[in-house]
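Shown next, in structure tokens, is the structure this report addresses.
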Amino acid sequence: MATRARSEERSRPSTRRSSSAVRSRRGRRPLTARRRTGTGVSRRRALRRRWVAVLSVLTVLGLGYVVLFTSLLGVRSVEVHGAHSVPGDQILAAAAVPDLKPMLLLDTDEIAARVTAIPGVATVDVSRSWPSTVDITVTERTPIGFVAGRDGFHLVDSGGLDYKTVQNKPERLPELQVAAVSPEDPVTRSVVAVLATVPEPLKGQVAVVRAKTPGGVEFTLTTGKTVRWGDAANAERKARVLSVLLTREGQIYDVASPELPTVS
0 MATRARSEER SRPSTRRSSS AVRSRRGRRP LTARRRTGTG VSRRRALRRR WVAVLSVLTV
60 LGLGYVVLFT SLLGVRSVEV HGAHSVPGDQ ILAAAAVPDL KPMLLLDTDE IAARVTAIPG
120 VATVDVSRSW PSTVDITVTE RTPIGFVAGR DGFHLVDSGG LDYKTVQNKP ERLPELQVAA
180 VSPEDPVTRS VVAVLATVPE PLKGQVAVVR AKTPGGVEFT LTTGKTVRWG DAANAERKAR
240 VLSVLLTREG QIYDVASPEL PTVS
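For the record, in the sequence shown the residue sitting at position 162 is 161 according to numbering that gives the first Met the number 0, with numbers rising by one throughout.
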């Protein structure tokens, strides 16, 4: 009987579940719940990204507004560099840089154009020095000669431009005797080109420069002697030949063709 009872007991299906299996099933969340949880996390992340993007855009717009439309980064000082004969106050007045105007809205080309209109100024560079300073650097015109006129003495620069009139005769500058002083005039261009190439020791002896044609430039030296120079070519060779010729007696020294110089 005992044997039979044990046999029947073995043949019955077991209704017991292991404790580990029960715990495992209890620990699992339903698939639907997991999907809902994942969807909620994704939505929160997307919302967070949107807020970050919105805040970034607002920050950029705010900075742009501060830089472009407020005086926080506006002009507070203007400094002039390179001015000697041209008064700094005159340059500042011509530049007319608006006080407290946002630095980024400044038209530096327009400012430079206004300063360049000053007769004694050759070139202008306008730059921003952050956070609030505008630098104006000028290169002044340098006279190489003058033209005597009824209203005074007209200074002429290396480009052949008559840019300024003074009442006192300039010292240590030669007088230019040409029909019409102008950067577009071929004779004027030849005269200033010759003066630019004449060696310094000789240039200091030149009292008058005259020409009727581009190739016919002549000097009158401080000694009263005349030098027929020609054009601007072979300046150094002409100067060497002339230094030898000037040791001879004469009044007119022709080095226009340095291969065939003459003294008369």
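Here a beta-carbon is modelled for each residue, glycine too, at the ideal position from N, C-alpha and C.
All values derive from a computational prediction rather than experimental measurement.
Residue i, buried or exposed, once every other Cβ within 10 Å from all chains shown has been counted against 16
i      : result
Gly249 : exposed
Gly158 : exposed
Ser23  : Annotation note: pLDDT 48 at Ser23 (below 50); position unreliable, no value reported.
Val243 : exposed
Val21  : Note that Val21 scores 45 on pLDDT, short of 50, meaning its location in the model is unreliable and no value can be drawn from it.
Ile251 : exposed
Pro142 : buried
Leu104 : exposed
Ser263 : exposed
Asp88  : exposed
Ala52  : exposed
Val165 : exposed
Ser189 : buried
Gly148 : exposed
Gly144 : buried
Ala234 : buried
Pair within 8 Å by beta-carbon distance, residue i and residue j
i      : j      : result
Leu154 : Lys163 : yes
Thr246 : Asp253 : no
Arg140 : Asp150 : no
Val125 : Ile135 : yes
Val205 : Pro173 : yes
Ala192 : Ala255 : no
Lys237 : Pro257 : yes
Pro182 : Leu160 : yes
Val133 : Val77  : yes
Extent of the continuous beta strand (DSSP E) to which residue i belongs
i      : result
Ile90  : It is not in any beta strand (DSSP E) - Ile90 instead sits in the alpha helix (DSSP H) that spans Gly87 to Ala94.
Arg302 : Shown here, the chain extends from 0 to 263; a query on residue 302 therefore has no answer.
Ser263 : Run containing Ser263: none; DSSP gives neither H nor E here.
Asp253 : Ile251 to Asp253
Leu220 : Val216 to Leu220
Gly229 : Thr225 to Gly229
Thr348 : One cannot answer for residue 348 here, as it falls past the ends of the chain, which runs 0 to 263.
His83  : Element bounds for His83: n/a, residue is neither H nor E.
Where the alpha helix (DSSP H) containing residue i begins and where it ends
i      : result
Leu241 : Ala234 to Leu244
Thr115 : Thr107 to Thr115
Cβ distance (whole Å) where residue i is taken to contact residue j below 8 Å
i      : j      : result
Ser73  : Leu99  : Looking at the sequence provided, one finds Gly at residue 73 rather than Ser. That pair is a contact at about 4 Å.
Leu194 : Val208 : 6 Å
Val240 : Gly229 : With 8 Å as the limit, Val240 and Gly229 do not qualify as a contact, their Cβ atoms being about 12 Å apart.
Val180 : Ala210 : So it is not a contact: roughly 11 Å between Cβ atoms.
Ile110 : Val96  : 6 Å
Arg113 : Ala93  : 5 Å
Any non-hydrogen atom of the ligand SAM closer than 7 Å to residue i Cβ
i      : result
Glu217 : The ligand SAM is absent from the structure shown, which contains no ligand whatsoever.
message: At 3 residues or longer, what runs of the beta strand (DSSP E) sit wholly inside the segment 145–204?
response: Runs of the beta strand (DSSP E) lying entirely within the segment 145–204 and spanning at least 3 residues, in chain order: 151–156, 161–165 and 174–176.
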